[in-house]
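Dropping the structure here:
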């Protein structure tokens, strides 16, 4: 079970997973109010570089290609791969958030040190002790639908439960697919061409990131993640559709708007938690990756493949490279 949890965690690190196992799914539009639809549209309009999956950044005769990935299998990845194969032949190296060697180290470490995932094993109160009865009942049922029994859920760290809840029950089997998402497809293609594959960050970075969040705030964020399965499936389907439509800010907008439905937290609390997560999981990591990219591109052309959420916004990689003096061109898929 620990190795399964470690494998699922690797998939959950990224922002836009696939939903092939869930079929078409319900239409999210039926669950949204007119005001919510307007709010999502406004987020799309106001977000810098809100669309576009594949970009080329050029400076001083060197190129950085950036592709926004989705990290679980979907047959539609074939479209992106058709565009990426010629780029892989051209570039000198591929950079991923975490390459396979780092991912293997992470899986092994989680399996050997359960306290990385199970807070109760490190002397922390269990989730039933931290939540009111009604919230624990909701959480227990939601996690049971995803294959995790209550005794196991009770011991999990809240941030990990939040990531689990981002995947609807119908998609859990997809998490362990050996095919992998676009990032793994690109990595296999690069290795077949004998191209070096490197990591933008150490695999331990994400654990350090989550450890910065105070425990009660982790619990609050977890509460934001609980929603009815039918809404979860609809939101997941809409996120998937937005990814393949190259509307990556729409996915972020969906998450923002739906989080305001969660009872028990004020709008200010929800916005504060959302801003914290954006800073920790996206903005700060983008800033840390930029020097790695700039150092690499001094001597070689590279392809950077990261979760699509890392491309958008004023602190996204596209904007950061533009601010660093690169000329940016959106490439068609």
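Numbering (mature numbering (1 follows the signal peptide of the UniProt record, and there is no 0)), first residue to last: -20 to -1, 1 to 313.
Heads up, the beta-carbon is just placed ideally off N, CA and C, and yes, glycines get one too.
Fair warning: this is a prediction, and the values are worked out from it, not measured in the lab.
Do you know offhand how far residue i's Cα is from residue j's?
| i | j | result |
| --- | --- | --- |
| residue 249 | residue 171 | 45 Å |
| residue 53 | residue 162 | 7 Å |
| residue 18 | residue 51 | 29 Å |
| residue 183 | residue 253 | 24 Å |
| residue 49 | residue 106 | 35 Å |
| residue 45 | residue 34 | 7 Å |
| residue 274 | residue 268 | 11 Å |
| residue 72 | residue 228 | 28 Å |
| residue 70 | residue 132 | 47 Å |
| residue 213 | residue 310 | 31 Å |
| residue 299 | residue 292 | 8 Å |
| residue 41 | residue 301 | 15 Å |
| residue 198 | residue 66 | 43 Å |
May I ask which residues mark the beginning and end of the beta strand (DSSP E) holding residue i?
| i | result |
| --- | --- |
| residue 73 | 73 to 76 |
| residue 48 | 42 to 49 |
| residue 35 | 34 to 39 |
| residue 282 | 282 to 287 |
| residue 254 | Segment 247 to 258 is the alpha helix (DSSP H) holding residue 254; no beta strand (DSSP E) there. |
Given a cut-off of 8 Å, decide if residue j and residue i are closer than it, judged by their beta-carbon atoms.
| i | j | result |
| --- | --- | --- |
| residue 283 | residue 47 | yes |
| residue 79 | residue 168 | no |
| residue 21 | residue 166 | no |
| residue 266 | residue 308 | no |
| residue 151 | residue 206 | no |
| residue 288 | residue 262 | no |
| residue 38 | residue 306 | yes |
So, at 7 Å on beta carbons, what are the nonlocal neighbours of residue i in its own chain, with the 5 sequence-adjacent residues on each side left out?
| i | result |
| --- | --- |
| residue 113 | none |
| residue 264 | none |
What are the start and end residues of the alpha helix (DSSP H) that includes residue i?
| i | result |
| --- | --- |
| residue 305 | Looking at the DSSP string, residue 305 is not in any alpha helix (DSSP H), and its letter there is neither H nor E. |
| residue 60 | 57 to 70 |
| residue 120 | 113 to 125 |
| residue 179 | Taken as a continuous stretch (DSSP letters only), residue 179 belongs to no alpha helix (DSSP H), being part of the beta strand (DSSP E) at 177 to 179. |
Less than 6 Å between C-beta atoms, sequence neighbours within five positions excluded: which residues of the same chain meet that for residue i?
| i | result |
| --- | --- |
| residue 108 | 116 and 134 |
| residue 96 | 90 |
Leaving aside the five residues before and after residue i along the sequence, list all residues of the same chain whose C-beta is less than 8 Å from its C-beta, in chain order.
| i | result |
| --- | --- |
| residue 234 | 8, 20, 215, 218, 219 and 222 |
Query raised in the report: Do the region 80 to 94 and the region 116 to 127 touch if we need at least three Cβ pairs shorter than 8 Å?
Result: No: fewer than three Cβ pairs fall under 8 Å.
Query - At least three beta-carbon pairs within less than 8 Å, the region 196 to 213 to the region 134 to 150 - result: The answer is yes - the region 134 to 150 touches the region 196 to 213, with three or more Cβ pairs under 8 Å.
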